[in-house]
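Asks: One point on numbering: in the numbering used here, the residue at position 3 of the sequence shown is 762, and numbering is uninterrupted.
Heads up, the beta-carbon is just placed ideally off N, CA and C, and yes, glycines get one too.
Here the structure is a predicted model, which is why all the values come from computation and not from measurement.
Mind looking over this structure? Questions follow.
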Amino acid sequence: MSDPSYAAFYRHSVESPEAFWAEQAQGIAWQRPWGQVLDRSNPPFAAWFVGGLTNLCHNAVDRHLADRAEQAALVYVSTETGQERTYSYADLHREVQIMAASLQSLGVSQGDRVLIYMPMIPEAVFAMLACVRLGAVHSVVFGGFASVSLAARIDDARPKVIVSADAGSRGGKVMPYKPLLDDALRLSQHPPAQVIVVDRGLADWARQPGRDESYGDLRARHALAKVPCVWVESTHPSYILYTSGTTGKPKGVQRDTGGYAVALHLSMRVIYGGKPGETFFCTSDIGWVVGHSYIVYAPLLTGMTTILFEGTPVRPDAAVFWRVAQQYRVNLLFSAPTAMRVLRRHDPALLQRHDLSALRAIFLAGEPLDEPTGRWVAESLGKPVVDNYWQTETGWPILATPQGFADVASRPGSPGVSMPGYKVCLRNETDGAPVAAGEKGVVAMDWPLPPGCLQTIWGDDARFVQTYWSTYPNRQVYSTFDWGRQDADGYLYILGRTDDVINVAGHRLGTREIEESISAHPAVAEVAVVGVQDALKGQAAWAFVVLRPGQIDAAAAQQASIAAHVDAQLGAVARPQRICLVTALPKTRSGKMLRRAIQAICEGRDPGDLTTLEDPLALQQIPDAIARP
Ligand code: PRX
């Protein structure tokens, strides 16, 4: 790379953002150039490349046909069904057009929402790309979520069509999707008129005539379809992705088109060091932001080969990632710390068995990377391990050690330094004043955020402003809701969340959502859910439940029934690891639940100042409840 040093590159990005991002935008194809790089007229909103017309699918697929039509674009590996298929860019172009024509035949056009509730199969990627091809807005819902979570997302996004499948498969067990979707559609206030079902032949499903279409039928009907890209404004929304926060209602993070394309394209080169023609293997799920950005968009925008993996890290054995890496000559691997902690529990020889000569680095994100795990991966594989810190909201890393530059070394325990365009500053929780080096503060960013970050919350500009930009009145500052510390050289260390969001195996969950679900169980009077440190998953959710009078006798049955209730409503991903019964919950005299004190006791820490506690006996019950099996 000809850029002099990362420090100079970064300085340019924050001192002259318009000039910097205009240069970076050259990496993307525009049907019409933008008139204004950044519209600063309405903070905290920021509009990038205003007036420009582009299309994400054109940039991810069509654009590469001239140079790399026969190169692999998408490699599908399923250790669940044993299928492996490679789609060239030409194949991908064909498949995306068939999906786009299918959506069009059901009435989907620019601006319509399409909800994608699918396992990790190529059709999920086709559907995402088909949506952005048409200027439709996709909303992918993680397949691990169940009917109530799904219904809430349907009612917020109001999709015209839902694309789903008969079933997924996990650890060899078929997980039917269609019955959960049918339940969600029954619960929904605004169900779409049409559903497309990709029939994998894994589970029988009931077809509702007039509503449900089999993708096999549509595909046959549109096999030769030619569907041009719809050029959209740079600021046109490309997708909505729901994420958890402090309240029980998930937020629809809304992403633009042009800014996202430019930012992801930069990120692949500068942060990940990926080049056209290389192979990127991201083990996440398309239902999460990492899957959106680094399974689908960034590798394809760059002209790389991307691997879509359906399976777990330990099946058929704990070497499966490395087997895939060898077979497909993977250059860059992106996974999560939990996956590495899982592998660490298996035979270390499994890491030595394969030829990983093509592999340059392992990227880990989504949750704190503990030093022993990071060191173990680096030493066992003899490859650099690159931590990177970001959020659904930002869409791409805030902190990392940029692999496109040789002059930033990694530091153990730190995800790294600020990435281009992010003006990261640690601030005092109460008045927002910057804290000194070495002191703990809230990880915050000054306006404007760089391209690619959320535009707003879908349908709720006021909530966007209120949630992210109002922590410090009179300052245009975005709060990440993470605690951090920064050393004198600018390396940041992440110290946990400032809110009630927990992180279970890299999955971001709101304790309030879980509490609301448990509260809806007929036997439950009251509940508190906290995140408790877990050696494997980072954190685990523990629920403390007060049963209604008369329910106490059947305690064990109630615990099982509450777990099943959460599974059915939210999905197994949100099921608390422990459900402990108590007769009262610790609260302040003003009625505020002392979740932090409960959490501290669960983790064997001092619960801190308890002078405001209403009923000290309530807190004393917590250790007893934990001690019961
Ligand atoms: O708390 C931080 C944690 O995960 C949150 C964001 O989760 P999500 O929206 O699912 O996006 C994940 C994108 C990678 C953050 O607010 N987090 C994410 N990465 C790291 C992390 N905590 C510590 N170190 C990281 N590398």
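1. Between Gln1086, Arg1074, Leu961, which has its C-alpha nearest Val1101's C-alpha?
2. Going by C-alpha distance, which of Lys1034, Ser861, Ser1276 is nearest Asp976?
3. If distances are taken between C-alpha atoms only, which option among Gln1292, Glu782, Val1145 comes closest to Gly1255?
4. Let me know if Met760 comes out buried or exposed under the rule of 16 or more other beta-carbons within 10 Å of its beta-carbon.
5. Is it a yes or a no for the stretch 1349 to 1364 touching the stretch 1318 to 1329, going by three-plus beta-carbon pairs under 8 Å?
6. Taking its Cβ as the centre, do 16 or more other Cβ atoms sit within 10 Å of Arg1354, making it buried, or is it exposed?
7. Between Pro1210, Ala1117, His1266, Ala1203, which lies nearest to Trp1242 when the distance is taken from Cα to Cα?
8. Could you check what DSSP says for Thr1347 in three-state terms: helix, strand or coil?
9. Can you give me the C-alpha to C-alpha distance between Ala784 and Ala1020, rounded to a whole angstrom?
10. Count the other CB atoms, across all protein chains shown, that sit within 10 Å of the CB of Asn1147; report buried if there are 16 or more and exposed otherwise.
11. Here's the rule: buried if 16 or more other CB atoms are within 10 angstroms of the residue's CB, otherwise exposed. What is Gln856?
12. CB of Asp1129 to nearest heavy atom of the ligand PRX: below 6 Å?
13. According to DSSP, what are the bridge partners of Met1204?
14. Are the beta-carbon atoms of Val1341 and Val1305 separated by less than 7 Å?
15. Pick helix, strand or coil for Thr888, following the three-state DSSP scheme.
16. Alpha carbons only, please: which of Ala1108, Leu1329, Ser1052, Lys919 is nearest the one belonging to Val867?
17. Measuring from the CB of Glu843, is there a heavy atom of the ligand PRX at a distance below 6 Å?
18. Output yes or no for whether 7 Å exceeds the beta carbon distance between Met1027 and Ala1057.
19. Tell me which residues share the same chain as Arg723 and place their Cβ nearer than 8 Å to its Cβ, disregarding the 5 neighbours each side in the sequence.
20. Under a three-way DSSP split, which group does Tyr765 fall into?
21. Under 6 Å Cβ to Cβ from Phe1240, same chain only, skipping five residues before and after it: list those, please.
22. In whole angstroms, give me the CA-to-CA distance for Pro1179 and Ala1279.
23. Is Tyr1019 helix, strand or coil by DSSP?
24. Cα separation between Leu1372 and Ala1287?
25. Report the three-state DSSP secondary structure of Ile955 (helix, strand or coil).
26. From Gln953 to Leu1140, what does the alpha carbon distance come to, in whole angstroms?
27. Are any of the Cβ atoms in chain C nearer than 7 Å to that of Val884?
28. Between the alpha carbons of Met1099 and Ala1078, how many angstroms are there, rounded?
29. Enumerate in chain order the residues of its own chain whose CB-to-CB distance from Gln1310 is below 7 Å, with the five nearest sequence positions on each side excluded.
30. Give me, in chain order, the residues of the same chain whose beta-carbon lies closer than 6 Å to that of Tyr974; leave out the 5 immediate sequence neighbours on both sides.
31. Can you grab the Cα-Cα spacing for the pair Cys816 / Glu1069, in whole Å?
32. For the beta strand (DSSP E) containing Ile1261, name the first residue and the last one.
33. Have a look at Gly1004, Ser775, Leu940, Phe885 and flag the residue whose alpha-carbon is nearest the alpha-carbon of Ala905.
34. How about Asp1246: is its Cβ closer than 6 Å to a heavy atom in the ligand PRX?
35. Taking the C-alpha atoms as reference points, what is the distance between Arg1170 and Thr1160?
36. Starting from the C-beta of Gln1245, find all residues in its chain whose C-beta is less than 7 Å away, skip the five residues before and the five after it, and write them out in chain order.
Replies: The answer reads as follows:
1. It is Arg1074 whose Cα lies nearest to the Cα of Val1101.
2. Ser861
3. Gln1292
4. In this prediction, Met760 scores a pLDDT of 45, lower than 50, which makes its location untrustworthy; the coordinate-derived value is nonetheless stated afterwards. The residue in question, Met760, is exposed, as its Cβ has fewer than 16 Cβ neighbours within 10 Å.
5. no
6. buried
7. Minimum Cα-Cα distance from Trp1242 among the listed residues Pro1210, Ala1117, His1266, Ala1203 corresponds to Ala1203.
8. Residue state, collapsed to three classes: strand.
9. 8 Å
10. buried
11. buried
12. no
13. Val1183, Tyr1237
14. yes
15. Per the sequence shown, residue 888 should be read as Leu rather than Thr. Three-state DSSP puts Leu888 in a helix.
16. Lys919
17. Checking every heavy atom of the ligand PRX against the Cβ of Glu843, none is found closer than 6 Å.
18. yes
19. Look at the range of the chain in this structure, 760 to 1388, and you will see that residue 723 is not part of it.
20. helix
21. Arg1256, Thr1257, Asp1258
22. 45 Å
23. helix
24. 16 Å
25. Under the three-state reduction of DSSP output, Ile955 falls in the strand class.
26. 48 Å
27. The structure shown contains no chain C, having only a single protein chain.
28. 11 Å
29. Around Gln1310: Ala1282, Gln1317.
30. Ile955, Val957
31. 23 Å
32. That run of the beta strand (DSSP E) goes 1260 to 1263.
33. Leu940
34. no
35. 9 Å
36. Leu1185, Ala1196, Leu1251
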